[in-house]
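Residue numbers (our numbering), protein chains in the order written: chain E, 1408 to 1697; chain L, 1408 to 1697; chain Z, 1408 to 1697; chain F, 1408 to 1697.
A virtual CB, placed ideally from N, CA and C, is assigned to each residue, including glycine.
It should be emphasised that the depicted structure is a prediction, and the values quoted were computed from it without experimental measurement.
The structure appears below as structure tokens.
There are 4 protein chains.
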Amino acid sequence: MLSQFGGGTKTEETNSLNSTTLDGLVIAVPTSSHGDYIKKAAKNGLGVFVEKPVAESPEEIEELYHVCEQHQVPLCCGFQRRFDKSYAQAAQHVQQGSIGKVSNANIFFGDSPGPSLEFLLEGGNIFYDLSCHDVDFIRWALNDEIESVYACGTSSREELTECNIQDNATMMMTTAKGSIITLTMSRRAAYGYDQRCEIFADQGKVNVGNEFETTTIISDEHGDHSSRLKNSFDTRFRDAFTNEINAFADTVMGKAPWPVKKEDVIRVQQVAAAAKKSLETNQIVYIGKR
Amino acid sequence: MLSQFGGGTKTEETNSLNSTTLDGLVIAVPTSSHGDYIKKAAKNGLGVFVEKPVAESPEEIEELYHVCEQHQVPLCCGFQRRFDKSYAQAAQHVQQGSIGKVSNANIFFGDSPGPSLEFLLEGGNIFYDLSCHDVDFIRWALNDEIESVYACGTSSREELTECNIQDNATMMMTTAKGSIITLTMSRRAAYGYDQRCEIFADQGKVNVGNEFETTTIISDEHGDHSSRLKNSFDTRFRDAFTNEINAFADTVMGKAPWPVKKEDVIRVQQVAAAAKKSLETNQIVYIGKR
Amino acid sequence: MLSQFGGGTKTEETNSLNSTTLDGLVIAVPTSSHGDYIKKAAKNGLGVFVEKPVAESPEEIEELYHVCEQHQVPLCCGFQRRFDKSYAQAAQHVQQGSIGKVSNANIFFGDSPGPSLEFLLEGGNIFYDLSCHDVDFIRWALNDEIESVYACGTSSREELTECNIQDNATMMMTTAKGSIITLTMSRRAAYGYDQRCEIFADQGKVNVGNEFETTTIISDEHGDHSSRLKNSFDTRFRDAFTNEINAFADTVMGKAPWPVKKEDVIRVQQVAAAAKKSLETNQIVYIGKR
Amino acid sequence: MLSQFGGGTKTEETNSLNSTTLDGLVIAVPTSSHGDYIKKAAKNGLGVFVEKPVAESPEEIEELYHVCEQHQVPLCCGFQRRFDKSYAQAAQHVQQGSIGKVSNANIFFGDSPGPSLEFLLEGGNIFYDLSCHDVDFIRWALNDEIESVYACGTSSREELTECNIQDNATMMMTTAKGSIITLTMSRRAAYGYDQRCEIFADQGKVNVGNEFETTTIISDEHGDHSSRLKNSFDTRFRDAFTNEINAFADTVMGKAPWPVKKEDVIRVQQVAAAAKKSLETNQIVYIGKR
């Protein structure tokens, strides 16, 4: 990928950002450093691809998009579900009206492999870390907006309970068009990377299911045994990441606009913030009109 | 069934309830008439099987159980999931600890075939009508108690919206042991009777899936096409109903106690009432200790 | 069933066959006694339902159909796949041309629970015992005729090998219309009653799959574990048997002809005989025009 | 891949084969040119990877292995099922005895997309073209040898029938250890690349299933609709091909022997030849001891 699109690594930073042979920059550093890189890239006329979130606060997100607009370079935030064939096909069916008027969606995000206790204790809020991809997806698929959030969380271990850190959480959201959405998240699904979404409407249902490590099934006196789910995002979303980088190349070359807009990036952060606040206050939290 | 257990129909009522050949009474009349029949049966020394709910209000439920206790006859409220092999197997796995410590459950109740608009307009609250079986099941499977409920609903048709009648609704509940449960309900799943339950824990997951009309799959250039889900409760839960009536016979004959207790019957009504109130007030509703 | 259709048991034989209240006779005795009962029933003007095979030899089958024709009573041989929703739906798709021109069918018959070694040693040829239902089905579904058979068998245990008794066997057949059919049979599928049929054509494929004991799936670190297949024919084909008896009632009452004809019954016996001969001679065996 | 392993294209041929920087050669040219390239590579001390078949005749295969042995370079024939996680896992289960004593295997090879009529008319025997991968796999998985073959074929179109060209065919094989294997092949599965293998034994069954384009399922009033199978070998076996090339690199670097031996390569050609002869003579064909 690197050679194909003329990228480089961090150690080549100074040279690469001034390089006349570069068209775009793929940023893969911690969120706190996103801002610096995005600004440098913009000032060098380079389009930027960055994994979600662009920045922690809506204000900083606004600022970074503003800088990129000034320098007329695209700021491309990655939400790989939009580039995944299964998720995209589900969204297309909903948008085409194949299943009628949507009333519900139930989403499951079970991460794998689970992080260490140390990682969990050091922080990282479950809503900020896990909800963004699915909130972006469902807003896009339903062409709808989240208006309220109620969230609860639980801790699977005593050490987490003591520190008030949740590694399992559920959000229930209502939308502008009147749909109800649940999103259940876990930091660790013991049986593999479990990412599903089901959208229910008056004429049918669309479901995005999981991918398995193998298609081998053993049948014995106890029943049928199939393989574990794929273990993590890298194998499950491998093709989506490829599609995403190809789309970034197209955007940098001016062939197609980037589908994720500033408003999308800000809204998913607002929804995560609302979920966090709901859990802390034990209240339903309403999100203002964007 | 009738001949096997010495039952009869309503028109034979007077004779049958005095009959010395009867051991038990299966009541299948509207809820509002349950009380009369239960009292008559108890006074004649007959055990009673009645579909949920035993009565509308917790007070009346208390009274009817009291009458049956006085006459020393069992009052057996039917929740067929407890007698369904798939649901019972899932509960057993959870209770045995096969999947570890439970943190979540996500339940789906899609009824089929959908009722007429007239039926919906005439009343019947979605929480009272649809939530009971799953609330009873999850309390039993997790050996846990519902403590709070947040509920939202939507109307699939303009006529229902105008009358403030919801035909789709979702409840999010928390339990005494700290689990979070979602229950999504619909009066009408266009693709058949969709009844699923998934319980997530730190070592795995248990899922109860649907049954299909046939096992035939057509593969063509568009993909794989399998049959519709079974259309309704009578085919999906046929074996469970048979098991249930057999269990009632065992209870009447003193061979085994009835698994559903007065407290269970009252609690599911309280949860439905809490959900209704939550929707009306747009607040989280807490249910007191039982 | 018995009371519904006025049947009785063997001990009531003398009375029942002369009874004026009887319309039909369901025969469920060993094949060697079929002839006597069929003749008695015919002479008493009673329609007869009998499980396959009607008789061992084509000659005796011919004779029994002749007797029933003379007395103008239907002789109804049961092949339950024709009354099973899944198999019937597959046949219908093929007959309607949904999948185009058929070139292949692959069929699997795994019996369960497996018989004892004693049973196997005492006899019963695997082709006669296991092939009939599937040969009848595929002839009907394809509206085609078997013309040649090549068969091989194996023995899963030393004791069976010594006695030249096969408990696993495979037949490969060609049809008049040019299709190729394989039928793999086993006396014992350790994982349950495994009955599948797949028909392949130039525009697609139709597959009849298995039914499971439950729909419960456990997911753990090793993968997904679903239930065992249904254990035997009585649970797998329960509805088909009910449909079959209802169809017999309709035939006896003159409402509908019985779908299985004399020619069908004879042909499946001829195919079984050809398979047996093929295994014994290690040659391809051709079956003459019917 | 090319840059990683120091390969090149055909136009660089002269230089590349003499290159001191090359360790191995991946040959991807028509079978008739395999011999020349293999000999050149061997003489230059380069290990060779070549897709099956190494050559058309057993004699030429022998010769080419001999040349490579003389020059002490590995001749690595690719059978990608051995490097596919699903097929390899199935083989491992069988070899470990997880399912007991094998009696049967049923294999399906449905190619996709189907070739043009012109391609079919120009030749290419279905047994030589399609049977090799599965015959290699089943020999390896069962650690067994094919001893007899009976094969039939059909033509899906009038033009093919006229030219005696089969685009659908089925082989039934017996093995040295007493198992029976069927292999059903089609030049064109309209619903996608259909590659399955099922191995049946006295304690259970192992099945390798298909992979789908997406995991999206639409449920509507007609049933459940899932995506098409993956369309062809390049997507279905993508990871297997990567594994295969990595294994070739390991072999060239002396880290691991190549798993496919000369005897394997010759035997699959003999089995294809036997199938062709069986179809032509309408006889069971026996293959001598290797």
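Within 7 Å, strictly: CB atoms of residue i and residue j
i	j	result
M1578 of chain E	A1558 of chain E	yes
V1615 of chain L	I1468 of chain L	no
I1514 of chain L	L1590 of chain L	yes
E1764 of chain F	R1643 of chain F	This structure cannot settle anything about residue 1764 of chain F, because the visible part of chain F is limited to 1408 through 1697.
S1538 of chain F	A1679 of chain F	yes
T1623 of chain E	S1493 of chain F	yes
R1603 of chain F	G1521 of chain F	no
V1613 of chain F	H1500 of chain F	yes
G1431 of chain F	V1659 of chain F	yes
A1498 of chain F	C1475 of chain F	no
P1465 of chain E	Q1676 of chain E	yes
S1519 of chain F	Y1444 of chain F	no
Contacts that residue i makes with chain E (C-beta to C-beta distance below 7 Å)
i	result
H1629 of chain Z	R1635
Reference residue i, options the options, closest by Cα
i	options	result
I1533 of chain Z	Z:P1664, Z:T1561 and Z:S1555	Z:T1561
V1692 of chain L	L:G1454, L:H1441 and L:V1556	L:V1556
V1542 of chain F	F:Y1472, F:S1505 and F:R1674	F:R1674
G1507 of chain F	F:S1440, F:T1622 and F:I1606	F:I1606
S1633 of chain L	L:L1528, L:D1641, L:E1620 and L:I1572	L:E1620
G1563 of chain F	F:A1597, F:N1550 and F:A1583	Looking at the sequence shown, residue 1563 of chain F is not Gly but Ser. Looking at the Cα atoms, F:A1597 is the closest of the given residues.
L1482 of chain L	L:K1684, L:D1627 and L:V1457	L:V1457
F1648 of chain Z	Z:F1486, Z:A1462, Z:S1464 and Z:Q1479	Z:F1486
S1586 of chain F	Z:N1575, Z:E1687, Z:H1478 and Z:G1452	Z:N1575
R1489 of chain E	E:Q1690, E:D1657, E:N1689 and E:N1650	E:N1650
C1570 of chain L	L:A1608, L:M1580, L:L1524 and L:L1471	L:L1524
M1580 of chain E	E:D1551, E:F1526 and E:G1599	E:D1551
I1545 of chain Z	Z:G1530, Z:E1565 and Z:A1512	Z:A1512
V1667 of chain E	E:T1438, E:K1684, E:Y1472 and E:E1463	E:Y1472
Q1503 of chain F	F:S1626, F:Q1610 and F:I1625	F:Q1610
G1454 of chain E	E:E1470, E:P1460, E:E1463 and E:C1484	E:C1484
Cβ of residue i within 7 Å of any chain E Cβ
i	result
A1596 of chain F	no
D1641 of chain L	no
G1585 of chain L	yes
D1609 of chain L	yes
Sheet register partners of residue i (DSSP bridge)
i	result
E1458 of chain F	F:G1485
N1511 of chain F	F:I1587 and F:F1607
K1683 of chain E	DSSP, once it has assigned bridges, lists no residue as partnering K1683 of chain E.
A1576 of chain L	L:G1560 and L:M1592
Y1693 of chain Z	Z:S1555
Closer than 7 Å to chain Z by CB, residue i
i	result
S1593 of chain E	no
Y1557 of chain F	yes
S1493 of chain L	yes
Contacts of residue i in chain L (Cβ-Cβ under 9 Å)
i	result
H1441 of chain F	In chain order: nothing, as chain L lies at least about 35 Å away.
N1513 of chain E	N1513, F1515, T1577, T1589 and T1591
Contact list for residue i against chain L, beta-carbon separation under 7 Å
i	result
K1612 of chain Z	S1626
CB contact check: residue i to chain L, cutoff 7 Å
i	result
N1550 of chain E	no
Interface flag, residue i vs chain F, CB-CB below 7 Å
i	result
Y1577 of chain Z	The sequence given here has Thr at residue 1577 of chain Z, not Tyr. At least one chain F Cβ lies under 7 Å of T1577 of chain Z.
D1518 of chain Z	no
K1417 of chain E	Residue placement at K1417 of chain E is flagged as unreliable, the pLDDT there being 48, under the threshold of 50; the coordinate-derived value follows with that caveat. Not closer than 7 Å to any Cβ of chain F, the Cβ of K1417 of chain E fails to qualify, so no.
Proximal chain E residues relative to residue i, where beta-carbon distance stays under 8 Å
i	result
H1478 of chain Z	Ordered by position in chain E, no residue passes the 8 Å Cβ test against H1478 of chain Z, which lies about 48 Å from the chain.
Contact list for residue i against chain Z, beta-carbon separation under 9 Å
i	result
Y1632 of chain E	Inspection of the sequence shows that residue 1632 of chain E is occupied by His rather than by Tyr. Under the 9 Å cutoff, chain Z gives H1629, G1630, D1631, H1632 and S1633.
Closer than 9 Å at the beta carbon, the chain E residues around residue i
i	result
D1536 of chain L	Simply none; closest approach about 17 Å.
S1523 of chain L	Those do not exist, as S1523 of chain L stays about 15 Å from chain E at its closest Cβ, beyond 9 Å.
Chain F contact residues for residue i, given Cβ-Cβ distances below 7 Å
i	result
G1616 of chain E	T1622 and I1624
Under 8 Å by beta carbon: chain F residues contacting residue i
i	result
Q1496 of chain E	T1621, T1623 and S1634
Under 7 Å from the C-beta of residue i: neighbouring residues of chain Z
i	result
H1500 of chain L	I1625
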